[in-house]
Amino acid sequence: MLRLTCLLLITLMTAPALAHKPPAAAIASAHPLATEAGFQILDAGGNAFDAAIAVAAVLAVVEPAGSGMGGGGFFLLHRAEDGYQTMLDARETAPARASEAMYQDKHGDVVRDLAINGPLAAGIPGQAAAFAHLAKNYGALPLADSLAPAIRIAQDGFPVGERYRRLAGFRVEVMNRYPAASAIFLHQGDVPPAGHIIRQPDLAAVLERLAKEGHKGFYEGETAERLVRAARAEGGIWTLEDLASYQVKEREPIISEFRGARIISAPPPSSGGIVVAETLNILAEFNDGDIDPALLPHLTVEAMKRSYHDRAEHLGDPDFVSMPITRLLSKRHARDKAASIQLDRPTPSSELGEPIEQPTGTHTTHFSILDDEGNRVAATLSINLPFGSGFVAAGTGILLNNEMDDFSAKPGAANAYGLVGSLANAIAPGKRPLSSMTPTFVEWDNNVAILGTPGGSRIISMVLLGIQEALAGKPPQDWVSRPRYHHQYLPDIVEAEPAFIGSPEAGLLTARGHELKSTGRAYGDMHAILWEGEKGEVSAASDPRGEGSARVLRGRSGAVNGER
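Numbering (mature numbering (1 follows the signal peptide of the UniProt record, and there is no 0)), first residue to last: -19 to -1, 1 to 545.
Right, here's the structure in full:
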């Protein structure tokens, strides 16, 4: 039996190369137009990093509910020629005039409207900086080539689908507050009908300036001036200096081991890699991780609960706070956490902290890319809630994020996803808010998995369940399709998709005393790739809950090997 260990490697940033190059390239993303754009760039001689720019830029145009040029995120990279692995941190930063109590009223209560709606809720975006950084340091093509598909689609327009209509329905009232947003994303003040064409010429112009001038084309000059002027006119606090000082950061991934697999995931200011690694480390304490399927759901929930508790207590921006990461990912810590788990009943969250109940939502986008050289990208990008802050800066077409809500507006108060934070994630000028985004690679037995998903606070648990499916030998379609359940420490319930409620797994949880609550609808939109080195096969899948497209193409000829 394989011995399970789970540890943080703080110096190792390279991975052992597989014996062969992949026989095909693969892209899985949240929209067919984005997947198509990625392959256009690969066919033009670009690599996975160029394709990542193209995919993300097209998603910024056609999936404004999830990501965009007014947002940011994380790009997990693997370079095939030397095995180098890194994470591009393009997370938003708090403006210089931000303060810890900026969303509190005179009584010290959090004013939710200020924290999620309008330009005051927006951090300084990082996506444009990530594009420029990728093209300069990792790409094979000029930035202008990789942005060309997005510019064309922004100019010509795209038809509205049902997913767009559903998400827009959540934010109609807010977007109607801001004429520039309503004019682009609504139709006569309401959700556009299916097939309605949305054109974004202002956004195309912004992308053209970025393509021509690189980083400065967004963070200085005309685009920056329009962003600041529009934001401040509606109560925002951005300055030109905020934009000019923004920089992408490269960070060492969280690298852990589980049942012989090497798991590479996002480090702080994402909590994803740490929570996944700690959860697996706790599970490893039970029969070396070879857990009876009848017991696995219970232990998974209990391990999640404890890892999310540590998230709330300790994690934040590593440039601002000191975090006990080595301790959190140590075997001793896992043993201590595992020792408190009862096999026949759940541990009440009240024993870990005071319960706070808040609603949970969905947001964000994810895509996975593998090129035929073996370069790979897992990228999770966001503007936070659907359509972000609901505010478009006039003359730019840029929909601003509301990522400031991912800070702790007040220690102990939950954000829009029910996540509770401490002073470690308090608002401070220039600080990056804690995130749940979890782009991930898994390497085992000469295989490679690339996966991630949107879903707010549930992202981490979805990726964890996907890893379990992958290591059980199941294909990517099973990873993205399986019914999902989730526990985040507070509130003290197991949230689950309707398809999970009433299932045998759900019965195993209720039999041990867990309280299950249906989310009322399916959640998540996972996109995944599997490269099986020994078999010489590549497969990919997009979540059936979404409208995404996963394609595998053999060589540069464009012959389709598989598609969802």
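Note that CB positions come from ideal geometry on N, CA and C, so glycine has one too.
Assuming contact is defined by CB atoms lying nearer than 8 Å, are residue i and residue j in contact in what I supplied?
{"i": "residue 519", "j": "residue 242", "result": "no"}
{"i": "residue 298", "j": "residue 309", "result": "no"}
{"i": "residue 135", "j": "residue 69", "result": "no"}
{"i": "residue 23", "j": "residue 119", "result": "no"}
{"i": "residue 431", "j": "residue 366", "result": "no"}
{"i": "residue 372", "j": "residue 149", "result": "no"}
{"i": "residue 52", "j": "residue 362", "result": "yes"}
{"i": "residue 115", "j": "residue 30", "result": "yes"}
{"i": "residue 566", "j": "residue 379", "result": "The structure shown does not extend to residue 566, since the chain is modelled only from -19 through 545, so no value can be given for it."}
{"i": "residue 477", "j": "residue 462", "result": "no"}
{"i": "residue 209", "j": "residue 110", "result": "no"}
{"i": "residue 421", "j": "residue 246", "result": "yes"}
{"i": "residue 407", "j": "residue 389", "result": "yes"}
{"i": "residue 199", "j": "residue 190", "result": "yes"}
{"i": "residue 509", "j": "residue 447", "result": "yes"}
{"i": "residue 212", "j": "residue 79", "result": "no"}
{"i": "residue 155", "j": "residue 171", "result": "no"}
Using the C-alpha atoms, what's the distance from residue j back to residue i?
{"i": "residue 501", "j": "residue 106", "result": "32 Å"}
{"i": "residue 453", "j": "residue 484", "result": "19 Å"}
{"i": "residue 157", "j": "residue 102", "result": "17 Å"}
{"i": "residue 464", "j": "residue 528", "result": "18 Å"}
{"i": "residue 87", "j": "residue 216", "result": "18 Å"}
{"i": "residue 386", "j": "residue 92", "result": "11 Å"}
{"i": "residue 286", "j": "residue 480", "result": "22 Å"}
{"i": "residue 112", "j": "residue 126", "result": "12 Å"}
{"i": "residue 534", "j": "residue 405", "result": "45 Å"}
{"i": "residue 512", "j": "residue 429", "result": "5 Å"}
{"i": "residue 311", "j": "residue 442", "result": "20 Å"}
{"i": "residue 326", "j": "residue 495", "result": "7 Å"}
{"i": "residue 221", "j": "residue 194", "result": "17 Å"}
{"i": "residue 20", "j": "residue 439", "result": "30 Å"}
{"i": "residue 602", "j": "residue 56", "result": "Because residue 602 is not part of the residues shown, which for the chain are -19 to 545, the question remains open."}
{"i": "residue 224", "j": "residue 75", "result": "11 Å"}
{"i": "residue 323", "j": "residue 275", "result": "15 Å"}
{"i": "residue 301", "j": "residue 293", "result": "16 Å"}
{"i": "residue 85", "j": "residue 94", "result": "11 Å"}
{"i": "residue 468", "j": "residue 474", "result": "6 Å"}
{"i": "residue 279", "j": "residue 239", "result": "19 Å"}
{"i": "residue 377", "j": "residue 205", "result": "9 Å"}
{"i": "residue 2", "j": "residue 89", "result": "58 Å"}
{"i": "residue 137", "j": "residue 64", "result": "39 Å"}
{"i": "residue 571", "j": "residue 497", "result": "Shown here, the chain extends from -19 to 545; a query on residue 571 therefore has no answer."}
Buried or exposed: which applies to residue i, given that a residue is buried once 16 or more other Cβ atoms fall within 10 Å of its Cβ?
{"i": "residue 470", "result": "buried"}
{"i": "residue 16", "result": "buried"}
{"i": "residue 305", "result": "exposed"}
{"i": "residue 417", "result": "buried"}
{"i": "residue 169", "result": "exposed"}
{"i": "residue 214", "result": "exposed"}
{"i": "residue 536", "result": "exposed"}
{"i": "residue 178", "result": "exposed"}
{"i": "residue 532", "result": "buried"}
{"i": "residue 160", "result": "exposed"}
{"i": "residue 226", "result": "exposed"}
{"i": "residue 550", "result": "Any question about residue 550 goes unanswered here, given that the chain covers just -19 to 545."}
{"i": "residue 307", "result": "exposed"}
{"i": "residue 419", "result": "buried"}
{"i": "residue 526", "result": "buried"}
Check whether the Cβ of residue i lies closer than 8 Å to any Cβ atom in chain D.
{"i": "residue 31", "result": "No chain D appears in this structure, which consists of one protein chain only."}
Considering only DSSP beta bridges, list what residue i is partnered with.
{"i": "residue 70", "result": "55 and 230"}
{"i": "residue 239", "result": "242"}
{"i": "residue 348", "result": "360"}
{"i": "residue 60", "result": "65"}
{"i": "residue 422", "result": "245 and 431"}
{"i": "residue 139", "result": "179"}
{"i": "residue 459", "result": "DSSP, once it has assigned bridges, lists no residue as partnering residue 459."}
{"i": "residue -6", "result": "65"}
{"i": "residue 512", "result": "429 and 519"}
{"i": "residue 85", "result": "91"}
{"i": "residue 407", "result": "389"}
{"i": "residue 145", "result": "Paired residues: none, contrary to the question."}
{"i": "residue 380", "result": "373"}
Is there at least one non-hydrogen atom of the ligand NAP closer than 7 Å to the beta-carbon of residue i?
{"i": "residue 65", "result": "No copy of the ligand NAP occurs in the structure displayed, which carries no ligand at all."}
Stretch pair the stretch 96 to 115 + the stretch 6 to 17: three plus CB contacts closer than 8 Å: They do not touch, by the three-pair rule.
Stretch pair the stretch 121 to 132 + the stretch 25 to 34: three plus CB contacts closer than 8 Å: By the C-beta criterion, the stretch 121 to 132 is judged to be in contact with the stretch 25 to 34, since at least 3 inter-stretch pairs fall below 8 Å.
At least 3 beta-carbon pairs within less than 8 Å: the stretch 231 to 242 vs the stretch 254 to 273: Yes, since at least three Cβ pairs between the stretch 231 to 242 and the stretch 254 to 273 fall closer than 8 Å, the two stretches touch.
Segment contact, 8 Å Cβ cut-off, at least three pairs: the stretch 306 to 326 with the stretch 263 to 273: Cβ pair count under 8 Å is three or more, so yes.
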